[in-house]
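Participant: Let me give you the structure first, and then I'll get to my questions.
Chains as they are written, first to last, in the numbering used here: chain A, 1 to 185; chain B, 1 to 219; chain C, 1 to 414; chain D, 1 to 401.
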């Protein structure tokens, strides 16, 4: 675990906290974007290029924009006058703690499964500085091609099911929107 | 329908792009401070007062009749008539302007003053680089700044000046003839004066009381 | 697009006779949709389904042609309400005219529609001539036609240029228009002494005569004009983006146009064949053969094309006038410009200015000044229906529609 | 004879690799441990220096070119032929007051131009600008490029929102909606290249195109799917970079200046820089994907240094951008969206199918005919349908007599 990891982790956590704690909803959305970017950097730090770039492309390029648009379109852009804490903060905290516990348990439980020797992630400090074809042992580093082959081979059925689902959702969204527009007329 | 309109437009702009390098019809720009176009003869910017001879005060054609002051649409002319009268070139006593001021920040270069002037005394200048550091005083032209010789008028409006000169020479001749028929000595002296004026390169100003065939009847 | 269909279907009630069966739609149109007041809030048509965004476009907006303001209420980008606000350039033109001699008002008319000073001169001269019963020499009439048509040509070219500029074409058509306008203005300057504020016409003729050299130059220029129109047409007329932007946008129904007193290319683009050059035949226009192009749909594209076609017709008139121009005086020799006192009475002189019917209404009480001096400015009256054309369209279209009206604020606010 | 030939070859080799050699030479002064990091810093410095310089040159070229298109001369006062104009502009924007509106969200307002420029600069990292002349040759290069491109949208939104100006917000909303719509088409239009080259690495894509038959290169643009893909790519990138005719976000006739209405001085210059850098970067990517990157257009011209080819292709596409700007009016927002979703996107999807067909039909003239036919028919049908749906078309006019 290098210094860079801690820096990125701190950035991510700070972004996440800011997203929860800031008053202005648009600032929250932007802070969330910072958290997304931090996550992407973590992926890259682990040499998972595809996951990292997909994180940026989807979460920063699309999801963040979506969130921001949603905020603006639902009149949520005004700064609330009162505090940022909701009255049901205790429930929220409990739920968050439960989720964190489950995730933590999952991580700790899977730790013994990792091969002990394979910790080459430190070699690639950042994706930007990766020199072409470094002499890193190809332990858990998954190339884009491998992901592609896996998606088009072994996992083709889940992929297609997800695609159908998303298409259906898209069509549904369009129909909902069209319906509203006609009602407005 | 399939983008051919856009392609046609692109071809047109490409033609203009290359055309502007070769055709003066296309590239009409004149790079002003270095290149200058001679102003058209009819060009008009701001009025000036014409004088004959060398001494601008004596030769000023303006008789302070104040017609231009009255007719000026934006009222930018101010004239103060003299109390006394000075003899003009034919010896006829005429008033002259004590003050004649034109505020060229108000003037709109309409040429109405030139059109209504019966004495050919006010004409339009073609000088246009008149910027000044003082926007009030600097743009209020007084008599000394306004008075310009007939030679200058000839230079900037040759055709118009030639017409005016010819007309005035004709009137001079008439006045001379009139003077000759009068036999008394005083008139003869006046005719002498007029003759010396006529011999001068700049013919004298016309007389308002004389009828000028087309100019006068038009007004 | 269903909107545009219903509009074009309702486009009836015009003297030329249009699609049968469309007439009854006009009579059935509910009262609420007829034009009553220009500042009335939204008609029944568009309805906001969200929060309205009030935008004040102008008076310092890049595309309002000067100091003109539109208070626009937007739902998203759709216009729900639009209120044109005039008067930022009011210069008291009419009252000035009442305090001045007939001659002194002439240079002020230049400044009404400063793109077409010669047309304004003519309209005013026509009114005074009617008032005084003044005749105009033949050659002066020809010169007036030549100058007015040159003015029309350059005005239409520039107005198309501005329109496309507002569509975002980074000024290319405008620069081409200005290139040609430059050459026409050179002609004006050579003849009248000024490029824009010509102050050339007088009641009873024209101020100075045109030299044969000038006429030759004018002939050469006019011979080059059709090439310029061709260039414009190649550059713009079939451009898909332009068609997509202009067609079906800002439809002006002919009955509304007539009711609102819209004139000029705007009216003709709506399909009403009304051109004062044909209707009045003022000056000597009935001697020339030219056609009046008419639009079909009354949208922005029709206005654009009608202007383009009118440029071609202007060239035709110019060619005839420059060929037939007789010799002779350009001014009635008996006329006195100074101390001009027409007999008591009233007169309305109107011409087909490039922007529409430009009229001057004068009442004389026998004095040296008009008792009443009134201008009928086409720009202002054509602008009054702006809201009706813009409702339901987007902001981008508002800019386009106001551009297609072809206004000059000097004339709107006077 | 062989000596001169080998000498010539070495000259050609050196001129081709001059920047690489220069870097190695400069780095060799440092201790071995620092060399990789120093090399990267050097490359980044080169990119950060080169492209703004190119931007300066392009602004003056654009103004002059646009001027000539419009029958004007263009700037010619500052320096010889006006070439120092960008210097004057730069000094002006640096010395101008930096105005932040009183109600603006100053932090976001400040960050927006920085985020934009940084995101755009990142894109250059993976574009090969010559043989061996690429900062990072990563496997997922194309993906990286698009990931960075996607981040610019957020910067534009930040700029528009933080200015607290109606025009800015409208402009930003327009820009973001437009960029998201066209990003889909942009991604899909490049997928065909990935399908053919079998790699997301841009160097491999160039290498796949750097072959010659009868002296002609195997650029992807010379295939039916490549041409269609290139056209779609060109349309999508024009929209992505907010250039005319898709410059709605900053349509000055409607929105004054769009999302950067409230920016002045150096921040405005940064937006300007970001826009032009985006233009260079998409031009470079387009050249890489479809025009063979740094490869020469004819086999007998391969002796010309590869970076010269890359930059000529880049400048050529910049010239096309300028030409389009000088000719076309802009579209309206809904038309822009319709165009993206109803024309460009279906065409790119169809192009995927065509590319697949091409791949599996094998060598021979049949695939040429079939692929071309499919694309042309689709284009004609869609063009006609689009026009008919919107009732567009040339009109004829009658005259009142």
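For glycine and all other residues, C-beta sits at the position ideal for the given N, C-alpha and C.
Along chain B, which residues have their Cβ under 9 Å away from the Cβ of residue 73(D)?
Facilitator: Residue mapping note: residue 73(D) aligns to position 73 of the fourth chain, counting from 1. Neighbours of residue 73(D) in chain B, taken as residues at a C-beta separation under 9 Å, are given in chain order as 20, 27, 29, 31.
Participant: Residues of the stretch 274-286 of chain C with a CB closer than 9 Å to any CB of chain D: list them in chain order, please.
Facilitator: 274, 275, 278
Participant: Between the stretch 96-111 of chain C and the stretch 366-375 of chain C, do three or more beta carbon pairs fall short of 8 Å?
Facilitator: yes
Participant: For residue 69(B), which residues of its own chain have a beta-carbon under 6 Å away from its beta-carbon, when the five flanking residues on both sides are left out?
Facilitator: Counting from one through the second chain, the residue named residue 69(B) turns up at place 69. Correct list, in chain order: 77, 79.
Participant: So what does DSSP say about residue 177(C), is it helix, strand or coil?
Facilitator: For the purposes of this step, residue 177(C) is taken as the residue at position 177 of the third chain. Helix at residue 177(C).
Participant: So which residues of chain D does residue 394(C) contact, with C-beta pairs closer than 8 Å?
Facilitator: As a working note, residue 394(C) is residue 394 in the third chain. Chain D residues near residue 394(C): 332, 333, 334.
Participant: When you compare the CB positions of residue 193(D) and residue 290(D), do they come within less than 8 Å of one another, or not?
Facilitator: The sequence position of residue 193(D) within the fourth chain is 193, counting from 1. The sequence position of residue 290(D) within the fourth chain is 290, counting from 1. The answer is yes: Cβ separation under 8 Å.
Participant: Quick check on the DSSP output: the alpha helix (DSSP H) that includes residue 85(B) runs from which residue to which?
Facilitator: Translated into positions along the second chain, residue 85(B) becomes position 85. That residue, residue 85(B), is in no alpha helix (DSSP H); it is neither H nor E in DSSP.
Participant: Which residue wins for smallest C-alpha separation from residue 122(C), given the options 57(C), 358(C), 365(C)?
Facilitator: On the third chain, residue 122(C) is found 122 positions in, with the first residue counted as 1. With distances taken between Cα atoms, residue 122(C) lies closest to 358(C).
Participant: Any beta carbon of chain D sitting closer than 8 Å to that of residue 126(B)?
Facilitator: On the second chain, residue 126(B) is found 126 positions in, with the first residue counted as 1. Chain D contact via Cβ: absent.
Participant: Inspect the CB distances between the stretch 289-306 of chain D and the stretch 145-157 of chain C and report whether three or more fall short of 8 Å.
Facilitator: no
Participant: Identify whether residue 148(D) lies in helix, strand or coil by the three-state DSSP scheme.
Facilitator: Start at 1 with the first residue of the fourth chain, and residue 148(D) comes out as number 148. It is helical.
Participant: Going along the chain, which unbroken runs of the beta strand (DSSP E) with 3 or more residues stay wholly within the stretch 220-276 of chain D?
Facilitator: none
Participant: Compare the Cα-Cα distances from residue 322(C) to each of 203(C), 138(C), 396(C) and report the closest residue.
Facilitator: Stepping through the third chain from its first residue, residue 322(C) is reached at position 322. The shortest Cα separation from residue 322(C) among 203(C), 138(C), 396(C) belongs to 138(C).
Participant: Is DSSP giving residue 135(D) helix, strand or coil here?
Facilitator: Translated into positions along the fourth chain, residue 135(D) becomes position 135. Reduced to three states, the DSSP call for residue 135(D) is coil.
Participant: May I ask you to report which of helix, strand or coil DSSP gives residue 300(D)?
Facilitator: The count along the fourth chain starts at 1 and reaches residue 300(D) at position 300. Helix.
Participant: Would residue 328(D) count as contacting chain B if we go by Cβ distances under 8 Å?
Facilitator: Taking the fourth chain and counting its residues from 1, the one referred to as residue 328(D) is at position 328. Yes, contact with chain B.
Participant: Going straight from the alpha carbon of residue 85(C) to that of residue 261(C), what length do you get?
Facilitator: Position 85 of the third chain, counted from the start, is the residue given in the question as residue 85(C). Position 261 of the third chain, counted from the start, is the residue given in the question as residue 261(C). Straight through space, the alpha carbons of residue 261(C) and residue 85(C) are spaced by roughly 19 Å.
Participant: For residue 302(C), report the span of its alpha helix (DSSP H) as first-last.
Facilitator: Position 302 of the third chain, counted from the first residue, corresponds to residue 302(C). 300-324 is the extent of the alpha helix (DSSP H) around residue 302(C).
Participant: Does residue 119(A) come out as helix, strand or coil in the three-state DSSP assignment?
Facilitator: Indexing the first chain from 1 puts residue 119(A) at position 119. Residue placement at residue 119(A) cannot be trusted, given a pLDDT of 45 that sits under 50; what the coordinates show is reported in the next sentence. Note: residue 119(A) maps to coil in three-state DSSP.
Participant: Which residue marks the beginning of the beta strand (DSSP E) containing residue 345(C), and which one marks its end?
Facilitator: The residue labelled residue 345(C) in the question sits at position 345 within the third chain. 345-353 is the span of the beta strand (DSSP E), which, as asked, contains residue 345(C).
Participant: Whose CA, out of 332(D), 29(D), 129(D), 267(D), lies closest to the CA of residue 282(D)?
Facilitator: Start at 1 with the first residue of the fourth chain, and residue 282(D) comes out as number 282. With distances taken between Cα atoms, residue 282(D) lies closest to 129(D).
Participant: Closer than 9 Å, Cβ to Cβ, to anything on chain D: give me those residues from the stretch 147-162 of chain B, in chain order.
Facilitator: none
Participant: Please list the residues of the stretch 211-230 of chain C that have a C-beta atom closer than 9 Å to any C-beta atom in chain D, keeping them in chain order.
Facilitator: none
Participant: From this set, 303(C), 256(C), 226(C), which residue's C-alpha is nearest residue 264(C)'s C-alpha?
Facilitator: The count along the third chain starts at 1 and reaches residue 264(C) at position 264. When each option's Cα is compared against that of residue 264(C), the closest is 303(C).
Participant: Hey, does residue 37(B) have any beta-carbon neighbour from chain D nearer than 8 Å?
Facilitator: For the purposes of this step, residue 37(B) is identified with residue 37 of the second chain, where counting begins at 1. Not closer than 8 Å to any Cβ of chain D, the Cβ of residue 37(B) fails to qualify, so no.
Participant: Short of 8 Å in beta carbon distance, which residues of its chain neighbour residue 233(C), apart from the five on each side in sequence? Order them along the chain.
Facilitator: Counting from one through the third chain, the residue named residue 233(C) turns up at place 233. Within the same chain, residue 233(C) has close Cβ partners 308.
Participant: Going by DSSP, name the residue or residues bridged to residue 154(B).
Facilitator: Within the second chain, numbered from 1, the residue matching residue 154(B) stands at position 154. Residue 154(B) pairs with nothing; no bridge assigned.
Participant: Quick check: the Cα distance between residue 400(D) and residue 322(D), rounded to an integer number of angstroms?
Facilitator: As a first step, residue 400(D) is located in the fourth chain; it is residue number 400 there, counting from the start. As a first step, residue 322(D) is located in the fourth chain; it is residue number 322 there, counting from the start. The alpha-carbon atoms of residue 400(D) and residue 322(D) are separated by roughly 42 Å.
Participant: Measuring alpha carbon to alpha carbon, tell me which of 318(C), 249(C), 128(C) ends up nearest residue 79(C).
Facilitator: Numbered from 1 along the third chain, position 79 holds the residue referred to as residue 79(C). Taking only the C-alpha atoms, the option nearest residue 79(C) is 249(C).
Participant: Secondary structure at residue 129(B), three-state DSSP: helix, strand or coil?
Facilitator: The count along the second chain starts at 1 and reaches residue 129(B) at position 129. Coil, per DSSP.
Participant: With which residues is residue 65(B) paired in a DSSP beta bridge?
Facilitator: As a working note, residue 65(B) is residue 65 in the second chain. DSSP output for residue 65(B) lists no bridge partner at all.
Participant: On the DSSP letters alone, give me the boundaries of the beta strand (DSSP E) that residue 54(C) sits inside.
Facilitator: The sequence position of residue 54(C) within the third chain is 54, counting from 1. It spans 53-57 - the beta strand (DSSP E) in which residue 54(C) sits, taken as one unbroken run.
Participant: Can you tell me where the beta strand (DSSP E) holding residue 77(C) begins and where it ends?
Facilitator: Walking along the third chain from the start, residue 77(C) turns up at place 77. Premise fails: residue 77(C) is in no beta strand (DSSP E) and is neither H nor E.
Participant: Which residue's Cα is closest to the Cα of residue 38(B): 186(C), 352(C), 227(C)?
Facilitator: One-based indexing of the second chain puts residue 38(B) at position 38. If we check each option's Cα against that of residue 38(B), 186(C) comes out closest.
Participant: Residue 116(B) touches chain C at which residues, Cβ-Cβ below 9 Å?
Facilitator: Position 116 of the second chain holds residue 116(B). Neighbours of residue 116(B) on chain C, chain order: 103, 337, 338.
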